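S.K.: Pasting a structure here, questions to come.
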Amino acid sequence: MEAHYEALESSWHVVDGCLHYERLVVPTGNAESSFHRWFHLKEAFSGEMLPTVIKQLGQDAVDGLRILDCFAGGGTTLVSGLKASSQYRNGMDVVGIERNPFLHHISQSKLRALLAGPTFLEELSAEYKAVAELYASTRDLPHVVPALSTLTNHDYVPSDNLRSLIRMRSAITEVSDGLARDVMLTAAASVVEASSRLRRDGRALRFNAQREPKNPWQEFRLRMERILDDIQDAPRVSGFGHVFQGDGRTPSTRVKPKSRDLIIFSPPYPNNIDYTEIYKMEAWYLGCYSTAEQFRSQRLKTVRSHPSVRFDENYHFATSPAADEVRALIRPLIEAVPEDRYQSGRLQLIRGYVDDMFKLFQECRDLVADNGRLVYVVGNSAHGDHETRFIIAADLLMARLAEIAGWKVEEIAVARSLRRRITNSRFLRESVVTLSPC
Ligand SMILES: C[S@@+](CC[C@H](N)C(=O)[O-])C[C@H]1O[C@@H](n2cnc3c(N)ncnc32)[C@H](O)[C@@H]1O
Numbered sequence: 000m001e002a003h004y005e006a007l008e009s010s011w012h013v014v015d016g017c018l019h020y021e022r023l024v025v026p027t028g029n030a031e032s033s034f035h036r037w038f039h040l041k042e043a044f045s046g047e048m049l050p051t052v053i054k055q056l057g058q059d060a061v062d063g064l065r066i067l068d069c070f071a072g073g074g075t076t077l078v079s080g081l082k083a084s085s086q087y088r089n090g091m092d093v094v095g096i097e098r099n100p101f102l103h104h105i106s107q108s109k110l111r112a113l114l115a116g117p118t119f120l121e122e123l124s125a126e127y128k129a130v131a132e133l134y135a136s137t138r139d140l141p142h143v144v145p146a147l148s149t150l151t152n153h154d155y156v157p158s159d160n161l162r163s164l165i166r167m168r169s170a171i172t173e174v175s176d177g178l179a180r181d182v183m184l185t186a187a188a189s190v191v192e193a194s195s196r197l198r199r200d201g202r203a204l205r206f207n208a209q210r211e212p213k214n215p216w217q218e219f220r221l222r223m224e225r226i227l228d229d230i231q232d233a234p235r236v237s238g239f240g241h242v243f244q245g246d247g248r249t250p251s252t253r254v255k256p257k258s259r260d261l262i263i264f265s266p267p268y269p270n271n272i273d274y275t276e277i278y279k280m281e282a283w284y285l286g287c288y289s290t291a292e293q294f295r296s297q298r299l300k301t302v303r304s305h306p307s308v309r310f311d312e313n314y315h316f317a318t319s320p321a322a323d324e325v326r327a328l329i330r331p332l333i334e335a336v337p338e339d340r341y342q343s344g345r346l347q348l349i350r351g352y353v354d355d356m357f358k359l360f361q362e363c364r365d366l367v368a369d370n371g372r373l374v375y376v377v378g379n380s381a382h383g384d385h386e387t388r389f390i391i392a393a394d395l396l397m398a399r400l401a402e403i404a405g406w407k408v409e410e411i412a413v414a415r416s417l418r419r420r421i422t423n424s425r426f427l428r429e430s431v432v433t434l435s436p437c
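Quick note: the sequence shown, position 167, residue 166 per numbering that gives the first Met the number 0, numbers continuous.
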C-alpha cells in the first residue's frame, strides 16, 4: 500500500501546509465566533478556512464570488462566506447541500438569521419571551416522547431533563413559527447532549456515569442570549445564501453548469463515522424521524463512508469508460483488506466511497467556472489491527479520481499528520487539496 501511495503522490505537487491549515482543518475559533457558535460540530472545519482559501487562491477580487459546499454540515462555509460578504467585490453567492435533516436545520437557521440581520431581533426577542412565559406556566403542553431508546433511558437522560426538553420544544412550537421557531429549536437541540450523560466521542455516543447533566432550561437561556447578541451585532450581508437538504453527491440537481468560482467541501471521511448515528438524539428530538424505518432510510441516503448499513452494491464507475482506471487505483487497497469478519464491510466501504467521490468529481467538473477551483479537505484513516493495519489515503485516492474525472491536481497541502502509536505511516494525515478544471 505504501508503495502504491508513494507512486501516486509522486506525480503531484505535495507541500507542507501546516502553517496555513493545521488549525483550520478542525473547528478552531468556531466556539467563540458569532453564528458559528450556535451549535458545536466536532467534525467542522474552522470558520477561517474559507477566507484563507480564497486568499491563497487569489480569488479575493473575483466579482460576486460564487461558492458551493456539497457537504455543508453545520454551515461553516456558508456562514463564513456571508459574514465576510460585504468585504468582497459585489458580495458573495453561497450555496450548500446537506443530507442530515438535523444538520440541515442548524445550517439553514444560521444562514437565514444572518440574511435577516438585526431587523430580526425584535421578533425573536418577543417570541423568546413568550416561550419563556409559557414554559414557566402551569399550562399543560403536548408531551410527545421521541421513540428513541437512547433518549428514554433515564441513566443517559435523567427523566426531569427529558421532561424539560420536551416541554421546551412544545412551548417553542406552540407560540412561534417561521425563522424564530427554527432558531429557537436550534438552541433547544444544542442543549440535548449537555443535558445527558452521553458524549459524542469519535464514532459513538459514550456513556459516562460520572458526568453531571446540565439543566436544559438554564442552558437554553444561555444559548438564546448568545444568539440574540449575535443577531443584534450581525454584520451587513451582501449577496445570496441558501442550503438545500439533499444529496451532495449530485449537486447538478441544484446548481447550474459553469456557475461556481469555488467549490469547497469536506466530505465524510472514510473512517466509519456515521453522522446519522452521532447526531441521532438531536434529530429525533426535533422530530426529523418518527420511526425506525425513517431513521434507517436516512442512513442509506448518506455517503458510503461507514459500514453501519448494507448499501446498494451498484457501482457507477463499473459501467463508465473509466472502469479500468478506477479498478487499477483501488486494486492494491482491495488486496490489503484482511480476510476476517470485517472484510465484506470494508470492501463495501472502499468501493462505495470511491464510487461516491468519483461521481461527485464528475458532476462538479460541469459546475465549475472555467477559471474556478475545487478545494477539498479530507483525512486519511487507519483500519485493521496491528498485524493487518492498512491506511485508506483518501487525499490521494480522491486526487486520482478527480484526475480521471477531468481535473488537474494543483496542490496537495498536508495540513497535519495524524501519526499515532498504531502506525508510523506518513500517509495518516489530513490534507487540503486544490484542483483546477482541465
Ligand atoms: C465532515 S462533515 C462537513 C462539515 C462542514 N465542513 C462544517 O464545517 O460544518 C460531512 C458532512 O457530510 C454530510 N453528508 C453525508 N452524506 C451526505 C450526502 N449524501 N449529501 C450531503 N451531505 C452528506 C454529513 O451529514 C456531514 O454533515
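C-beta: ideal position from N, C-alpha, C; glycine also.
Everything numeric in this text was worked out from a predicted model, so none of it was measured.
Do you know how far the Cα of Ala-193 is from the Cα of Glu-224?
M.R.: In the sequence shown, the residue the question calls residue 224 occupies position 225. In the sequence shown, the residue the question calls residue 193 occupies position 194. Their Cα atoms are separated by approximately 17 Å.
S.K.: On the three-pair Cβ rule with 8 Å, is the segment 360-379 touching the segment 324-340?
M.R.: Verdict: no, contact absent.
S.K.: How long is the line joining the alpha carbons of Tyr-278 and Leu-161, rounded to whole angstroms?
M.R.: The sequence position of residue 278 within the sequence shown is 279, counting from 1. The sequence position of residue 161 within the sequence shown is 162, counting from 1. Spanning the two alpha carbons is a distance of roughly 17 Å.
S.K.: Please give the ranges of any beta strand (DSSP E) in the segment 224-258, keeping only runs that are unbroken, at least 3 residues long and fully inside the region.
M.R.: Qualifying beta strand (DSSP E) stretches, in chain order: 238-244.
S.K.: Just to confirm my understanding: we take Arg-202, look at its own chain, exclude 5 residues before and 5 after, and list those with CB closer than 6 Å. What are they?
M.R.: Numbered from its first residue, the sequence shown carries residue 202 at position 203. Closer than 6 Å at Cβ, skipping near neighbours: Asn-271, Ile-272.
S.K.: Just the Cα atoms here: how many angstroms apart are Glu-97 and Phe-360?
M.R.: Your numbering for residue 97 matches position 98 in the sequence shown. Your numbering for residue 360 matches position 361 in the sequence shown. Using only the alpha carbons, I get a separation of about 17 Å.
S.K.: Thr-75 and Gly-46 look like a contact to me (Cβ under 8 Å); what is the Cβ gap, rounded to whole Å?
M.R.: Looking up residue 75 in the sequence shown gives position 76. Looking up residue 46 in the sequence shown gives position 47. Going by Cβ atoms, the distance from Thr-75 to Gly-46 rounds to 6 Å, so yes, they are a contact pair.
S.K.: Helix or strand or just coil, what does DSSP make of Ser-84?
M.R.: Mapped onto the sequence shown, residue 84 falls at position 85. Three-state DSSP puts Ser-84 in a helix.
S.K.: Can at least three beta-carbon pairs, one atom from the segment 61-75 and one from the segment 210-226, be found at a separation below 8 Å?
M.R.: No, the segment 61-75 is not in contact with the segment 210-226.
S.K.: In the DSSP assignment, the alpha helix (DSSP H) including Lys-407 goes from what residue to what residue?
M.R.: In the sequence shown, the residue the question calls residue 407 occupies position 408. Per DSSP, Lys-407 belongs to no alpha helix (DSSP H); it is in the beta strand (DSSP E), 406-416.
S.K.: So, does the segment 177-193 touch the segment 314-323, judging by three or more C-beta pairs under 8 Å?
M.R.: At 8 Å Cβ cutoff, the stretches do not touch.
S.K.: Quick check on the burial criterion: 16 or more other C-beta atoms within 10 angstroms. Buried or exposed for Ser-10?
M.R.: By one-based count along the sequence shown, residue 10 stands at place 11. When all chains shown are included, Ser-10 counts as exposed.
S.K.: Between the alpha carbons of Arg-36 and Ala-2, how many angstroms are there, rounded?
M.R.: In the sequence shown, residue 36 corresponds to position 37, counting from 1. In the sequence shown, residue 2 corresponds to position 3, counting from 1. For Arg-36 and Ala-2, the distance between alpha carbons rounds to 43 Å.
S.K.: Quick check: the Cα distance between Lys-128 and Pro-141, rounded to an integer number of angstroms?
M.R.: Reading the sequence shown from its first residue, position 129 is the one you call residue 128. Reading the sequence shown from its first residue, position 142 is the one you call residue 141. Cα to Cα, the separation comes out at about 20 Å.
S.K.: Could you tell me if the beta carbon of Thr-27 falls within a distance shorter than 8 Å of some heavy atom in ligand 1?
M.R.: Working through the sequence shown from its first residue, we reach residue 27 at position 28. No, the beta carbon of Thr-27 sits no closer than 8 Å to any heavy atom of ligand 1.
S.K.: In the DSSP assignment, what residue or residues form a beta bridge with Arg-372?
M.R.: As a first step, residue 372 is located in the sequence shown; it is residue number 373 there, counting from the start. Its beta-bridge partners are Leu-261.
S.K.: Let me make sure I understand the geometry here. Which of Ser-175, Ser-435, Gly-57, Glu-276 has the alpha-carbon closest to that of Leu-299?
M.R.: Locating residue 299 in the sequence shown gives position 300, where the first residue counts as 1. It is Glu-276.
S.K.: Let me know if Asp-384 comes out buried or exposed under the rule of 16 or more other beta-carbons within 10 Å of its beta-carbon.
M.R.: Reading the sequence shown from its first residue, position 385 is the one you call residue 384. Looking at its Cβ environment, which holds fewer than 16 other Cβ atoms inside 10 Å, Asp-384 is exposed.
S.K.: Are Ser-163 and Asn-214 closer than 9 Å when you measure CB to CB?
M.R.: Residue 163 sits at position 164 when you count from the first residue of the sequence shown. Residue 214 sits at position 215 when you count from the first residue of the sequence shown. In contact: Ser-163 and Asn-214 (Cβ atoms closer than 9 Å).
S.K.: Measuring only from the beta carbon, is Lys-300 closer than 8 Å to any heavy atom that is part of ligand 1?
M.R.: In the sequence shown, counting from the first residue as 1, residue 300 sits at position 301. Yes, the beta carbon of Lys-300 sits closer than 8 Å to at least one heavy atom of ligand 1.
S.K.: Quick one, which of Tyr-341, Tyr-284, Val-353, Ala-414 has its alpha-carbon nearest Thr-387's?
M.R.: Within the sequence shown, numbered from 1, the residue matching residue 387 stands at position 388. The residue with the shortest Cα to Cα distance from Thr-387 is Tyr-341.
S.K.: Between which two residues does the beta strand (DSSP E) containing Asp-62 stretch?
M.R.: One-based indexing of the sequence shown puts residue 62 at position 63. Element bounds for Asp-62: n/a, residue is neither H nor E.
S.K.: By Cβ distance below 8 Å, which residues in the same chain neighbour Val-14 in space, the five residues on each side in sequence not counted?
M.R.: For the purposes of this step, residue 14 is taken as residue 15 along the sequence shown, with counting starting at 1. Glu-410, Ile-411, Ala-412, Val-413.
S.K.: Is the distance from the Cβ of Phe-44 to the Cβ of Val-376 below 9 Å?
M.R.: Against the sequence shown, residue 44 aligns to sequence position 45. Against the sequence shown, residue 376 aligns to sequence position 377. For Phe-44 and Val-376, yes; Cβs fall inside 9 Å.
S.K.: Which whole-angstrom value describes the C-beta separation of Pro-269 and Ser-380, a residue pair presumed to lie in contact below a C-beta threshold of 8 Å?
M.R.: The sequence position of residue 269 within the sequence shown is 270, counting from 1. The sequence position of residue 380 within the sequence shown is 381, counting from 1. 6 Å between Cβ atoms; contact.
S.K.: Taking 8 Å as the cut-off, is the CB of Tyr-20 close to at least one heavy atom of ligand 1?
M.R.: Translated into positions along the sequence shown, residue 20 becomes position 21. Not under cutoff, so the answer is no.
S.K.: Taking only three categories from DSSP, how would you classify Leu-427?
M.R.: The residue you call residue 427 lines up with position 428 of the sequence shown. If DSSP states are grouped into helix, strand and coil, Leu-427 belongs with coil.
S.K.: Tell me whether Ile-96 counts as near ligand 1, meaning its Cβ is closer than 8 Å to at least one heavy atom of that ligand.
M.R.: Here residue 96 refers to the residue found at position 97 of the sequence shown. Flag set: Cβ of Ile-96 near ligand 1.
S.K.: Going by C-alpha distance, which of Met-280, Tyr-288, Thr-301, Ala-404 is nearest Leu-204?
M.R.: Indexing the sequence shown from 1 puts residue 204 at position 205. Comparing Cα positions, the closest option is Met-280.
S.K.: Kindly indicate which three-state DSSP category Ile-272 falls into: helix, strand or coil?
M.R.: As a working note, residue 272 is residue 273 in the sequence shown. Here Ile-272 sits in coil by DSSP.
S.K.: Given a cut-off of 9 Å, decide if Glu-362 and Pro-250 are closer than it, judged by their beta-carbon atoms.
M.R.: Indexing the sequence shown from 1 puts residue 250 at position 251. Indexing the sequence shown from 1 puts residue 362 at position 363. Contact flag set, yes.
S.K.: So for Ala-167, helix, strand or coil by DSSP?
M.R.: For the purposes of this step, residue 167 is taken as residue 168 along the sequence shown, with counting starting at 1. The question names Ala, but residue 167 is Met in the sequence shown. The answer is helix: DSSP assigns Met-167 an H, G or I state.
S.K.: Mapping DSSP to helix, strand and coil, what is Phe-389?
M.R.: For the purposes of this step, residue 389 is identified with residue 390 of the sequence shown, where counting begins at 1. Phe-389: strand per DSSP, three-state reduction.
S.K.: Where Thr-27 and Asp-139 are concerned, what is the direct C-alpha to C-alpha distance, given to the nearest angstrom?
M.R.: Counted from its first residue, the sequence shown places residue 27 at position 28. Counted from its first residue, the sequence shown places residue 139 at position 140. Cα-Cα distance, rounded: 43 Å.
S.K.: From the DSSP output, read off the bridge partner residues of His-12.
M.R.: The residue given as residue 12 occupies position 13 in the sequence shown. His-12 is not bridged to any residue.
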